[in-house]
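Engineer: Protein chains in written order, with the numbering used here: chain A, 2 to 258; chain B, 208 to 513. Backbone N, C-alpha and C define an ideal beta-carbon position, used for all residues, glycine too. I have a structure I would like to understand better, so I am pasting it below and will then ask my questions one at a time.
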Amino acid sequence: MKQSELLIAFLTIIRREIRRFMRIWPQTLLPPAITMTLYFAIFGNLIGERIGEMGGFSYMEYIVPGLIMMSVITNSYANVSASFYSAKFQHNVQELLVSPTPNWIILTGYVLGGVVRGLLVGLIVTLLSLFFTKLQVENLFVTVLVVFLTAVLFSLGGLVNGIFAKSFDDVSIVPTFILTPLTYLGGVFYSINLLPEIWQNLSLLNPVLYMVNAFRFGILGVSDINVAWAIFIIVSFIVALFTYGLYLLNRGQGIRN
Amino acid sequence: MTHAIEISDLKKRYEGGFEALKGINLSVKKGDFFALLGPNGAGKSTTIGILCSLVNKTGGKVSIFGVDIDKDFALAKKYLGVVPQEFNFNVFETVLNIVVTQAGFYGIDRIVATERAEKYLKLLDLWDKKDTQSRMLSGGMKRRLMIARALIHEPQVLILDEPTAGVDIELRRSMWEFIKKLNEQGTTIILTTHYLEEAEQLCRNIAIINRGEIVENTSVKSLLKTLSMETFIFDLETKVTPSFVIEDYPTRMLNEGHSFEVEVSKGQSLNSIFSFLSEQGIKVLSMRNKANRLEELFVKLIKDKE
């Protein structure tokens with residue numbers, strides 16, 4: 002395919018992905034808005050006032066970056082895993098397979114679709130947080146870079162999940178039993194400095210910790226982790242998952258006989 | 208001469224060890240109307256799956272318009288349009304979006320794609336349904352939608368896998384008229400069907416596949432010439448007696464004497480039957496083949512190889 006044709010194919014996949022999650026906005030955009038508003042109201046306002054300061058900020062200010070990141074992570078992941086599995090389930094993934102669109106375009110198209118949803122939900126949650134606290138961005142470049150890379154990383158994770166999934170249960174197992182615990186234990190609600198040393202060290206094995214802290218650094222200017230190291234970790238995961246995802250598509254895992 | 212499709216020594220062994228294709232050879236000429244027939248599980252869908260990259264082959268070569276799929280599958284795919292057996296579109300998408308999106312996967316600009324979508328949806332009587340979600344369409348409309356989608360990149364070869372399964376007679380006929388016109392305009396058509404009379408009426412060349420092997424590959428005319436026996440049914444104006452027989456022709460009474468069937472071997476003439484009936488003063492209202500001729504051959508070929 003020529004460069005211009007590749008671009009058209011790429012934009013077609015993204016457009017289709019955006020159309021999909023916009024069509025079902027009560028399932029994709031509304032729930033995170035309601036859930037995060039409840040987090041802000043209950044954890045931030047009611048309980049947060051009794052907790053006091055964390056890392057030199059009010060508890061509400063401290064958890065806002067983590068909650069934005071949590072929304073980005075779950076939504077970018079869910080978008081790609083559900084969309085890709087649904088395309089397998091309805092067999093309409095064949096529309097792409099019979100076409101000359103190369104696998105790397107299929108992969109990046111699906112991933113960018115997930116990134117758009119993740120960032121859109123992140124933006125909605127950010128706007129909602131303004132009703133509860135003042136938000137000032139300390140380092141815009143780090144903030145944007147980290148949230149974008151995180152959305153890419155979890156979209157890739159969602160794609161791998163979608164490729165392997167054989168039922169809708171398989172699509173929900175990973176977010177429920179792996180992603181949610183990693184996110185809750187990834188420093189969204191607390192600084193790891195509060196933990197005993199052994200739990201601090203164990204927390205360092207959790208990749209979500211690096212994303213949440215790097216993003217918190219972008220917004221508040223504080224982090225439990227070195228930001229450059231965090232970005233390096235995120236990029237390394239992206240490279241590994243991109244390579245693995247492309248290998249699976251080239252192999253025809255779950256989509257070709 | 209470059210063929211539309213050239214298949215040589217094509218093999219497919221599935222992970223469980225089942226050998227779906229045992230090294231088949233097949234070529235389809237440009238502009239042909241070609242039928243690929245075979246019983247269920249014979250290897251038809253596997254062959255088509257390999258052609259359109261839904262199945263990975265385990266051996267052999269496939270060329271589409273001279274392009275080896277192992278060397279440039281992307282280019283080869285541009286020549287092909289596929290109408291699969293099962294509905295495989297997103298049921299929540301609208302008709303127009305399904306067709307225009309498919310064009311995008313072939314790198315076709317959105318403006319051109321929308322113009323073509325209008326053209327094909329109008330030709331297939333779906334334009335007034337363009338904003339309808341595909342799940343709301345009837346079975347026949349869904350089939351036509353898949354044809355419109357397969358044509359959106361204007362392929363040189365159109366593969367139809369059981370396209371008329373479950374479609375009513377009227378719609379089936381209009382669908383075939385449409386496909387025949389496409390063929391007259393130069394599109395090569397390859398079809399699999401269980402309705403053998405369709406293959407007999409529409410196709411010029413035919414291949415019969417059974418248990419992963421090609422058991423016959425010839426023109427429909429040549430194949431029909433090999434038929435050694437045909438059975439005809441005569442409907443009569445007046446009843447004949449139970450003892451009625453035509454000499455040299457195995458005869459059987461039907462419908463309490465209002466009809467009879469007779470077996471005619473290759474080389475035997477129908478004239479002597481009509482002469483005999485005239486002499487007896489028996490008036491014939493109509494005459495027809497008992498079974499589809501191709502069907503008889505198909506059954507015979509499949510049995511011979513078993």
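Between which two residues does the beta strand (DSSP E) carrying Thr399(B) extend?
Structural biologist: Residues Thr395 to Thr399.
Engineer: So which of Leu141(A), Leu249(A), Gly246(A) and Pro208(A) has the shortest CA-CA distance to Trp230(A)?
Structural biologist: The candidate whose alpha carbon is nearest that of Trp230(A) is Pro208(A).
Engineer: Under 9 Å, Cβ to Cβ, is there at least one residue of chain A near Phe294(B)?
Structural biologist: Phe294(B) counts as touching chain A.
Engineer: Are the C-beta atoms of Ala83(A) and some chain B residue less than 9 Å apart?
Structural biologist: No, because no Cβ of chain B sits closer than 9 Å to the Cβ of Ala83(A).
Engineer: Just to confirm before moving on: does the CB-CB distance between Gly256(A) and Ile164(A) stay below 9 Å?
Structural biologist: Looking at the sequence shown, residue 256(A) is not Gly but Ile. The answer is yes: Cβ separation under 9 Å.
Engineer: Would you please state the rounded distance, in angstroms, between the beta carbons of Val269(B) and Leu258(B)? I believe it to be under 8 Å.
Structural biologist: Between Leu258(B) and Val269(B) the Cβ distance is about 6 Å, and since that is below 8 Å, they are a contact.
Engineer: If you follow the alpha helix (DSSP H) that Ala227(B) is in, where does it begin and where does it stop?
Structural biologist: No alpha helix (DSSP H) contains Ala227(B), which is instead part of the beta strand (DSSP E) from Glu226 to Val235.
Engineer: Quick one: is Asn417(B) near chain A, going by C-beta distance under 9 Å?
Structural biologist: Chain A contact via Cβ: absent.
Engineer: Roughly how many angstroms lie between the CA atoms of Glu54(A) and Leu180(A), to the nearest whole one?
Structural biologist: When rounded, the distance between both Cα atoms is 27 Å.
Engineer: Mind checking which residues open and close the beta strand (DSSP E) that includes Gly267(B)?
Structural biologist: Here the beta strand (DSSP E) through Gly267(B) covers Gly266 to Ile271.
Engineer: Per DSSP, Tyr456(B) forms a beta bridge with which residues?
Structural biologist: Paired residue(s): Ile453(B).
Engineer: Which one of Asp338(B), Arg351(B), Arg356(B) and Leu333(B) has the shortest CA to CA distance from Phe312(B)?
Structural biologist: Taking only the C-alpha atoms, the option nearest Phe312(B) is Arg356(B).
Engineer: For Gly223(B), which three-state DSSP category applies?
Structural biologist: Gly223(B) falls in the coil class under three-state DSSP.
Engineer: Among Val374(B), Gly393(B) and Leu261(B), whose alpha-carbon lies nearest the alpha-carbon of His401(B)?
Structural biologist: When only C-alpha atoms are compared, the closest one is Val374(B).
Engineer: Leaving aside the five residues before and after Gln254(A) along the sequence, list all residues of the same chain whose C-beta is less than 8 Å from its C-beta, in chain order.
Structural biologist: Excluding sequence neighbours, Gln254(A) sits near Ile164 and Phe165.
Engineer: What residues in the segment 321 to 351 of chain B bring their beta carbon closer than 7 Å to a beta carbon of chain A?
Structural biologist: Correct list: empty, as no residue qualifies.
Engineer: Can you pull the DSSP bridge partners for Ala79(A)?
Structural biologist: According to DSSP, which records beta bridges pairwise, Ala79(A) is partnered with nothing at all.
Engineer: Just to confirm, does Thr109(A) get its C-beta within under 8 Å of one of the non-hydrogen atoms of the ligand GDP?
Structural biologist: For the structure depicted, the ligand GDP is absent and the ligand set is empty, with no information on it obtainable.
Engineer: What do you get for Leu128(A), buried or exposed, if any count of 16 or more other CB atoms within 10 angstroms of its CB means buried?
Structural biologist: Label assigned to Leu128(A): exposed.
Engineer: May I ask you to list the residues that DSSP assigns as paired with Phe198(A)?
Structural biologist: According to the sequence displayed, residue 198(A) carries Glu and not Phe. Note: Glu198(A) sits in no beta bridge, so no partner.
Engineer: With a cut-off of 8 Å, do at least 3 Cβ pairs link the segment 299 to 307 of chain B to the segment 349 to 363 of chain B?
Structural biologist: Because the criterion of three Cβ pairs below 8 Å is met, the segment 299 to 307 of chain B and the segment 349 to 363 of chain B touch.
Engineer: In chain A, which residues lie less than 7 Å from Thr308(B) when you measure between Cβ atoms?
Structural biologist: The contacting residues are Thr13 and Arg17.
Engineer: Output the boundary residues of the beta strand (DSSP E) element that contains Leu258(B).
Structural biologist: First-last for Leu258(B): Lys251 to Leu258, but that is the alpha helix (DSSP H), not the beta strand (DSSP E).
Engineer: Please classify Phe178(A): is it buried, with 16 or more other beta-carbons within 10 angstroms of its beta-carbon, or exposed?
Structural biologist: With fewer than 16 other Cβ atoms within 10 Å, it is exposed.
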